[in-house]
Amino acid sequence: MSAHHSSYLYAILHLKCPRCRKGFLFRTSNPYNLKHTLDMHEHCPVCGQKTELETGFWYGTGYVSYALSVALSAFNLAWYWIFFGISWKDNSILYWLLTNAAIVLVAMPYLMRLSRVLYLSFFVHYDPHETPHLPLRDHNLPG
Ligand SMILES: [Zn+2]
């Protein structure tokens with residue numbers, strides 16, 4: 310199966326809404342604008358899906374970003390091992406640790422965004438046939 314613009318992986322990696330796979334869920338496109346890394350729309354701009362499903366919903370993303378960091382480290386270990394080799398006899402493990410720390414640090418703003426979209430996708434499933442609608446007003450607000 311070729312990469313398709315509405316595939317799950319494509320949508321998640323591009324930080325799109327897990328429900329419509331079209332709406333971009335963050336207010337700014339650049340995750341390295343650190344003041345706004347985690348600024349999300351309250352509702353998907355395309356289908357109106359709520360993003361923070363309940364108060365404190367995003368606390369669960371800590372585990373997801375941890376898992377992503379571990380996966381990225383494993384990936385870094387694999388290619389480092391292949392291209393440079395890792396041995397107990399020299400400092401190569403130390404060099405890998407430093408290289409890995411730098412890569413994980415640089416990737417972190419994106420990983421934080423990715424972990425939110427990934428986490429949301431555990432609860433919100435793809436629904437391409439839903440009629441697009443404008444975001445609903447929040448009825449819980451007083452007044
Ligand atoms: Zn959407």
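Letter by letter, the sequence shown follows residues 310 to 452 in my numbering.
Even for Gly, the Cβ is constructed at its ideal location relative to N, Cα and C.
Using the DSSP secondary-structure output, state which residues sit across from residue i in a beta bridge.
i      : result
Phe333 : Lys325
Met349 : Phe335
Lys359 : His352
Measuring only the C-alpha atoms, how far is residue i from residue j?
i      : j      : result
Leu427 : Leu386 : 23 Å
Leu343 : Pro418 : 7 Å
Ile395 : Tyr341 : 31 Å
Ser430 : Asn409 : 28 Å
Glu361 : Glu351 : 7 Å
Leu334 : Gly371 : 18 Å
Leu450 : Gly365 : Because Leu450 carries a pLDDT of 47, less than 50, the predicted location of this residue cannot be relied on, and no value is offered for it.
Ser405 : Leu322 : First, the amino acid is wrong: residue 405 is Trp here, not Ser. Computed Cα separation, rounded: 26 Å.
Lys398 : Val379 : 25 Å
Met349 : Leu414 : 21 Å
Arg422 : Tyr319 : 14 Å
Trp390 : Tyr317 : 31 Å
Ile402 : Leu347 : 33 Å
Leu407 : Phe392 : 16 Å
His363 : Ala383 : His is not the amino acid found at residue 363; the sequence shown has Glu there. C-alpha separation (whole angstroms): 33 Å.
Ser315 : Tyr435 : 10 Å
Pro437 : Trp367 : 25 Å
Look at residue i and residue j and say whether their C-beta atoms are less than 8 Å apart.
i      : j      : result
Ser374 : Ser424 : yes
So, at 8 Å on beta carbons, what are the nonlocal neighbours of residue i in its own chain, with the 5 sequence-adjacent residues on each side left out?
i      : result
Ile412 : Leu381 and Asn385
Gly452 : Unreliable placement is indicated for Gly452, whose pLDDT of 42 sits below 50; the coordinate value is still reported in the next sentence. Excluding positions up to five away in sequence, the list is empty.
Leaving out five residues before and five after residue i in sequence, what residues of the same chain have Cβ atoms less than 6 Å from its Cβ?
i      : result
Leu420 : Ser374 and Leu377
Cys353 : Cys326 and Gly332
Please return the same chain residues whose Cβ sits closer than 7 Å to the Cβ of residue i, not counting the five positions on each side in sequence.
i      : result
His345 : Arg336 and Thr337
Ala416 : Leu381
Gly369 : Tyr428
Asn432 : Looking at the sequence provided, one finds Phe at residue 432 rather than Asn. Correct list, in chain order: Leu362.
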